[in-house]
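Chemist: Residue numbering for the sequence shown is 564 to 1062, as defined by my numbering.
Don't be surprised by glycine CBs; every beta carbon is placed ideally from N, CA and C.
Keep in mind it's a predicted model, so treat the numbers as computed, not measured.
Below is the structure I would like to discuss, written out as structure tokens.
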Amino acid sequence: MNSKLLLQARNYENIYGDKIPASERPLFHVTPQTGWLNDPNGFSFYKGEYHLFYQYHLYNTSWGPMYWGHVKTKDFIRWERLPAALAPDAEYDNAGCFSGSAVELPDGRHLLMYTGVQEWKREDGFTESRQVQCIAYGDGTDYEKYEGNPVLTERDLPEGGSAEDFRDPKIWRDDEEDCFYAVVGNRTEDSSGAILLFRSKDTMNWEFVTVLDRSENQYGKMWECPDFFTLDHAAVLLTSPQEMLARGMEFHNGNGTLYITGYYDKKNHCFMRSEVRAIDYGLDFYAPQTVLTPDGRRIMIGWMQSWESSHSQPHGARWFGMMTIPRELHIVDGMLRQNPVQELDNYHINPVFYRNVDIRERIQLPKVSGRVLDMSLYIRPAGGQLYEHVTIKVAKDTQYYTAISYDPNKSVLTFDRSNSGFRHDILATRKVLVRYQKGEIRLRIVMDRFSIEIFVNDGEQAITSTIYTPQEAQSISFEAEGMAILDVEKYDLQLSDTL
Ligand code: FRU
């Protein structure tokens, strides 16, 4: 490893990474060692452990020239830090090592595939840029960029493809065909996004196979961060479109996330859509990526942040940007289900159970409080009468609260962080249409100091948001208009060593 930039970064991490006390970080969600984090990258199983890299600007808490930060885990909950893996130190990635993925090679090396962003000044003073795909080989700690980089350039694009928006390769190995495939986001001549499929025998020489799917200006503009896999007999394409337009309660304006289920005719490389839906309905979720575990589970992790509100940072923040909890995915009745990885249960302590609690006016339940917890609620009408709404307030004290409210008549769940301590006028509420079940709803709420992830009706929908409410706000209350019945199963979460 002879990169000056990378050595400087690793030194900086050694000095400043340790200076952030564990109490200023979430307990089990990944944060950058120092500075800024965005997309998950290189989520892969390598030599018995899961590796996760991330888009990283370590020198301050804003986005800047991208490095790759690095962590690994055996169980998706307890993470171990590793030194930065990539720096923008080559001619073809001088403006950043953008998002990408990783895979274990048959010869035991760990391969990273990422987007190099190259910028240069023209004679007239304008800056031009292009995005190319590059690879690096390593041993799980140190990585060397391939001397033949880049391995995919504008020459490999189908007609009309943009060389400036060509990024975020997701690679996987196809054992049956003894080759590798990668999906890459691209912008087409209609200025919206497409997902390109490439194939390679050796990871160094790639050929264009097909355009797997395209936005045609229906689902936003540029499609970023694709992933493509088979799950429960369906083909699933994930992507994060920029500049979407709102559609009912399904899609909101701006950067969104999509899952597209369908049928994949592998012989002819033809993908036929059935459902197109949002992956997450919260305020902070973007650019997810998945890994397949040795026991066959498909696990997804996302960036728990929205680009639009990423300027709204707590005063004096020394890190910014977190990952979601890793989530196990399934397709049930053609739709995506997601739930926290089962390993989270190993960290449950202090169980608290309540059954058949009446909620009318506001109540608090002994031992139901905290900011690091896993709480399941089952809410239903009392007798024949449907209640008007149930509201749960978490991270609450006399000044602050975050509200989750269910209106059974409209079957709409509202998340509201207007009173969660943000000092910028950022988007604070989201409404989600959930399955109508005669006033019954199940919510699993996972909180980790600065975040709240809500899994609705056994993971049919997820609502993910950050909250920077002061940690002293620990209370939880329940209230209803009309009468509802509530069951609670609540655990605190405990880890000894944390990131
Ligand atoms: C998505 C994204 C990617 C890009 C990376 C740059 O959030 O815009 O498309 O590779 O972030 O940091």
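1. Which of helix, strand or coil does DSSP assign to residue 860?
2. Please report the straight-line C-alpha distance between residue 720 and residue 764, rounded to a whole angstrom.
3. Nearest by alpha-carbon distance to residue 988: which of 644, 617, 874, 732 is it?
4. Could you check if residue 622 belongs to the surroundings of the ligand FRU, using beta carbon to heavy atom distance under 7 Å?
5. What are the boundary residues of the alpha helix (DSSP H) that includes residue 797?
6. Taking the C-alpha atoms as reference points, what is the distance between residue 619 and residue 1037?
7. Using the beta-carbon of each residue, find all residues closer than 7 Å to any heavy atom of the ligand FRU and list them in chain order.
8. Assign residue 826 to one of two classes, buried (16 or more other C-beta atoms within 10 Å of its C-beta) or exposed (fewer than that).
9. Residue 955 and residue 888 look like a contact to me (Cβ under 8 Å); what is the Cβ gap, rounded to whole Å?
10. Going by the beta-carbon positions, is the gap between residue 1070 and residue 842 smaller than 8 Å?
11. Whose CA, out of 943, 596, 790, 871, lies closest to the CA of residue 585?
12. With 16 as the cutoff for other CB atoms within 10 Å, does residue 1062 come out buried or exposed?
13. Could you check how far apart the C-beta atoms of residue 815 and residue 773 are, in whole angstroms? I think they sit under 8 Å.
14. Looking at C-alpha atoms only, which residue of 722, 872, 907 is the closest neighbour of residue 1058?
15. Can you give me the start and stop residues for the alpha helix (DSSP H) that residue 572 sits inside?
16. Kindly indicate which three-state DSSP category residue 675 falls into: helix, strand or coil?
17. For a test of the three-state rule: what should DSSP assign to residue 664, helix, strand or coil?
18. Closest to residue 647 by C-alpha separation, out of 639, 617, 673, 627, would be which residue?
19. What are the residues that DSSP puts in a beta bridge with residue 1013?
20. Report yes if the C-beta distance between residue 1023 and residue 840 is below 8 Å; otherwise report no.
21. Short check: CB of residue 630 to CB of residue 572, under 8 Å?
22. Going by beta-carbon coordinates alone, are residue 728 and residue 694 separated by less than 8 Å?
23. Provide the residue(s) that pair with residue 752 in DSSP beta bridges, ordered along the chain.
24. Could you tell me if residue 837 is buried or exposed, where buried requires 16 or more neighbouring beta carbons within 10 angstroms of its beta carbon?
25. Can you grab the Cα-Cα spacing for the pair residue 972 / residue 1044, in whole Å?
26. Taking 8 Å as the threshold, find out whether the segment 816-825 comes into contact with the segment 998-1015 through three or more Cβ pairs.
27. According to the Cβ coordinates, are residue 788 and residue 802 closer than 8 Å?
28. Between residue 1015 and residue 1004, what straight-line distance do the alpha-carbon atoms span, to the nearest angstrom?
29. What did DSSP end up calling residue 950 once you bin it into helix, strand or coil?
30. Using a 10 Å radius around the Cβ and a threshold of 16 neighbouring Cβ atoms, would you call residue 670 buried or exposed?
31. Which residues in the same chain as residue 977 place their Cβ atom closer than 7 Å to its Cβ, once the five residues preceding and following it in sequence are excluded?
32. Please state the DSSP three-state secondary structure of residue 759.
Modeler: Reading it off the structure:
1. coil
2. In this structure, the CA atom of residue 720 is about 19 Å from the CA atom of residue 764.
3. 874
4. no
5. Counting along the chain, residue 797 falls outside any alpha helix (DSSP H), though it belongs to the beta strand (DSSP E) covering 797-804.
6. 31 Å
7. Applying a distance threshold of 7 Å between residue Cβ atoms and the heavy atoms of the ligand FRU selects 601, 602, 618, 626, 629, 659, 661, 662, 678, 730, 731, 748, 787, 788, 803, 849, 850, 866, 870, given in chain order.
8. exposed
9. Not really, about 19 Å apart at Cβ, beyond 8 Å.
10. Residue 1070 cannot be examined here, being either before or after the span of the chain that is shown, 564 to 1062.
11. Here the closest residue by C-alpha is 596.
12. Because residue 1062 sits at a pLDDT of 46, beneath the cut-off of 50, its placement in the model cannot be relied upon, and the point is left open.
13. That belief does not hold up - the Cβ atoms of residue 815 and residue 773 are roughly 30 Å apart, past 8 Å.
14. 907
15. Counting along the chain, the alpha helix (DSSP H) containing residue 572 begins and ends at 567-579.
16. Reduced to three states, the DSSP call for residue 675 is strand.
17. strand
18. 617
19. Partner(s): none; residue 1013 has no beta bridge.
20. Not in contact: residue 1023 and residue 840 (Cβ atoms no closer than 8 Å).
21. yes
22. Their beta carbons are under 8 Å apart, which means residue 728 touches residue 694 by this criterion.
23. In DSSP, residue 752 forms no bridge with anything.
24. It is exposed - the Cβ of residue 837 has fewer than 16 other Cβ atoms within 10 Å.
25. 12 Å
26. no
27. yes
28. 18 Å
29. coil
30. exposed
31. The beta carbon of residue 977 sits closer than 7 Å to those of 968, 992, 994, all from its chain and outside the five residues before and after it, given in chain order.
32. strand
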